[in-house]
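Reading through the structure tokens given below for one structure.
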Amino acid sequence: FTSSPFERTLPNLAVDGADLNPVLQDFGLIIHPPMLYMGYVGMVVPFAFCMAALWEGRLDAAWTRWSRPWALAAWGFLTIGIALGSWWAYYELGWGGWWFWDPVENASFMPWLVGLALLHSLAVTEKRGVFKAWTIMLAIFAFALSLLGTFLVRSGVLTSVHSFAADPTRGLVILAILGIIIGSGLLMFAVRGWRLTVESQYQLISRESFLVINNAIILIATLVVLLGTLYPIIADAFSLGQVSVGPPYFNALFVPLTWLLLIAMGMGSNIRWKQDKRPLLGVGIAIAASSIVLAAIIAYFTSPSAMFNIGVTLAVSFWVLLWMIVDFRDKTKNAPNFFKGLRQLRLSYWGQQTAHIGVLVAVIGIAFTSSLSIERDVAMGIGDTVNVQGYDFEVTEFFEIKGSNFDATQAQVVVSKDGREVAKLTPEKRTYIISTMPTTEAAIDPSLMRDVYVALGEPIADGSNQWALRIYVKPLIRWIWLGAIIMALGGLISMLDKRYRIKKIKAPLLVTGSLATYGVNEVAIEQAISVSTMSTLKEK
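In terms of our numbering, the sequence shown opens at residue 583 and continues consecutively.
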């Protein structure tokens, strides 16, 4: 009701309306927004469960066990949604980037980060009965940041390349909803939170401690993103002028935090609950030394100039991977054989390991792409050749083509290496007929190890046969989206764990009345039964 499309059209209807923004006329945009909004909306379920638990005063394992699969689903949808948006921007916008730290990108990234912390905190609360207050606060803030993301996207308070349909009035409505829901949640926590008590203790060397470190790093990273995103609004409110916070700020702070998170993640997944008395110092030193040596060798032969960034990233990645191998060995060493050892592991374990591998794949892809990408801006005409990173690019022809709703100039670029043709790319410069808006359609030769990317710019001069071309060679960029897919797959595998399944059981025929007469089976949920039993025992 705040954004009626009829206000601008009635009573005088246009003969022909404006078409959809050209950059949105893409298949990826059919999938990307629904995935994101399923993630945003999905965060309401853990929020609702924690509110119900506070209201009823039953802060046992029930609400965590009910919340976790929903949190996994919401986080998985956010992962796919963010990855799809990154992939779309990469191939559709023509600038060769996959992440720009744009306010709207950050708006989806923050609930993803807090959702990640929530997943780990739910696991501890369910398993050990600790961190109850922390888990409830994470559930509240995960949903709060989802609403904040909607507000930032649709209100127009921040300048963004995603500002396709900003409406300040609608933004105020969303802000009011945000204030009411989150305010009521925090009020509920303040009134009922005194019921939260720690039911078990843990030592410094324990999985609980490492998960605290894990959550702390994730929350610091979220605050870094939140501050960088909202600082322009704060500066404007206090008349500090127009301020823009860009990639240098985010990269300088986020990269070391990612390294610290991977270090904590590696050892934390191998440590036992409550207290670990095993002599792990020697194992840790051996793993650290092996990781550093392997990383240094690979980084040196890959690119000595970018050895630090790639070397540190590979070292912490090998650190995590080797700890995962040690953890797998410890969990299966008592099995009669290898295959029985595999079968005795829960799906939640496989989901966790799969998601962690996805994180490693994505982080390695980011490190290599950020450090080793090559970009060249060139002016080329028919017959011209340029060499970029060992690849020869030759423009063989220009075409004028006509699409269903656009006109375009298309270049044919032959890519070869060592005298052998690798690809024939056809980048385009389009002009859409109704909006007269020009767009760039990049041409990409994809592979798992590298992408060759060509974007067609503008003619160098009127009547000239030369055009501006932008050429990229991007190593391992596909690993970023592959890692996101693996992470989402890990979340799906964890959701399939039998602890979270609804189970149909036969009720004993002791009931009276019509149900017993007709022999109707009761439908119960395994979690509810176990929690109800636990609660009854506690009351006794």
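For every residue, glycine included, the Cβ atom is placed at its ideal position computed from N, Cα and C.
Cβ-based neighbour list, T707, same chain, cut-off 7 Å, excluding 5 preceding and 5 following: Correct list, in chain order: T646, F713, K714 and T717.
With the cut-off set at 8 Å, would you say F880 and L904 are in Cβ contact? For the sequence presented, residue 880 should be read as Ile rather than Phe. At least 8 Å separates the beta-carbon of I880 from that of L904.
Coil, strand or helix - L602 by DSSP: Residue state, collapsed to three classes: coil.
Would you call the segment 923-934 in contact with the segment 869-876, where contact means no fewer than 3 C-beta pairs closer than 8 Å? The segment 923-934 vs the segment 869-876: no contact.
C-alpha gap between F682 and N833, whole angstroms: Their backbone Cα atoms lie some 10 Å apart in a straight line.
Residues bridged to R1032 by DSSP? R1032 pairs with P1057.
Can you list, in chain order, the stretches of the beta strand (DSSP E) that have 3 or more residues and sit fully within the segment 971-1000? The segment 971-1000 is shown to contain whole beta strand (DSSP E) runs of 3 or more residues at 973-984 and 988-999, in chain order.
Whole-number beta carbon distance between F629 and A721, since they are thought to touch under 8 Å: About 5 Å; that satisfies the 8 Å criterion.
For T967, does the count of other Cβ atoms within 10 angstroms reach 16, so buried, or fall short, so exposed? With fewer than 16 other Cβ atoms inside 10 Å of its own Cβ, T967 counts as exposed.
Given a cut-off of 8 Å on the beta-carbon distance, is the pair W1061 and V943 in contact? Yes, the Cβ-Cβ distance between W1061 and V943 is below 8 Å.
Which partner residues does V960 have in the DSSP bridge list? Per DSSP, L1051.
Can you give me the C-alpha to C-alpha distance between W669 and G621, rounded to a whole angstrom? If you draw a straight line from the Cα of W669 to the Cα of G621, it comes to about 18 Å.
Helix, strand or coil at P1009 [DSSP, three-state]: If DSSP states are grouped into helix, strand and coil, P1009 belongs with coil.
Could you spell out where the alpha helix (DSSP H) holding P560 opens and where it closes? Because the chain is modelled from 583 through 1122, residue 560 falls outside the range shown and cannot be assessed.
Cβ atoms of Y619 and V1024: under 8 Å apart, would you say? It should be pointed out that residue 1024 corresponds to Ala in this sequence rather than to Val. Contact: no.
Excluding the 5 residues flanking V865 on each side, which residues of the same chain have their C-beta closer than 7 Å to its C-beta? These residues qualify, in order along the chain: V908.
Can you give me the C-alpha to C-alpha distance between P604 and T1018, rounded to a whole angstrom? One C-alpha to the other measures close to 10 Å.
Which residues in the same chain as A1005 place their Cβ atom closer than 6 Å to its Cβ, once the five residues preceding and following it in sequence are excluded? Here the set comprises V997 and D1027.
What is the rounded straight-line gap between the Cα of V686 and the Cα of G753? A straight-line Cα-Cα distance of about 14 Å links V686 and G753.
Measure from the alpha carbon of L675 to the alpha carbon of each residue in G893, L760 and R1012, then state which is nearest. When each option's Cα is compared against that of L675, the closest is R1012.
Alpha carbon to alpha carbon, how far is S649 from T1118? Give it in angstroms, no decimals. Note that T1118 scores 38 on pLDDT, short of 50, meaning its location in the model is unreliable; the coordinates nonetheless yield the value given after this. One C-alpha to the other measures close to 22 Å.
Three-state secondary structure assigned by DSSP to E589: Looking at E589 - three-state DSSP - the assignment turns out to be coil, as it is neither helix nor strand.
When the Cα atoms are used, what is the spatial distance from D601 to I1016? One C-alpha to the other measures close to 7 Å.
According to DSSP, is Y1002 part of a helix, a strand, or is it coil? Tyr is not the amino acid found at residue 1002; the sequence shown has Arg there. Three-state DSSP puts R1002 in a strand.
In three-state terms, what does DSSP make of G1039? Correct three-state label for G1039: strand.
What are the start and end residues of the beta strand (DSSP E) that includes A1025? Following the DSSP letters along the chain, one finds A1025 inside the beta strand (DSSP E) bounded by residues A1025 to D1027.
Pick helix, strand or coil for N969, following the three-state DSSP scheme. Three-state DSSP puts N969 in a strand.
Who are the Cβ neighbours of A1037 in its own chain at under 6 Å, not counting the five residues just before and after it? Excluding sequence neighbours, A1037 sits near G676, P1009, T1022, A1024 and R1052.
Could you check where the alpha helix (DSSP H) with V706 kicks off and where it finishes? Where V706 is concerned, the enclosing alpha helix (DSSP H) stretches over P685 to R710.
Evaluate T732 with the Cβ neighbour count: other Cβ atoms within 10 Å of its Cβ, from every protein chain shown; 16 or more gives buried, anything less gives exposed. With 16 or more other Cβ atoms within 10 Å, it is buried.
Go ahead and pull the three-state DSSP assignment for T1018. Assignment of T1018 by DSSP, reduced to helix, strand and coil, places it in the coil class.
Short of 7 Å in beta carbon distance, which residues of its chain neighbour G658, apart from the five on each side in sequence? Order them along the chain. Once the five neighbours on either side are set aside, the close Cβ partners of G658 are A1070, G1073 and L1074.
Inter-residue Cα distance where the pair is S690 and T811: Taken atom to atom, the span from the alpha-carbon of S690 to that of T811 is near 12 Å.
Grouping DSSP H, G and I as helix and E and B as strand, with all else coil, what is Q607? Looking at Q607 - three-state DSSP - the assignment turns out to be coil, as it is neither helix nor strand.
Please classify T978 as buried or exposed, where buried requires at least 16 other C-beta atoms within 10 Å of its C-beta. Classification of T978: exposed, given that the 10 Å Cβ count is below 16.
In terms of residue numbering, what span does the alpha helix (DSSP H) encompassing M572 cover? Past the boundaries of the shown model lies residue 572; the chain is included only from 583 to 1122, so the question cannot be answered.
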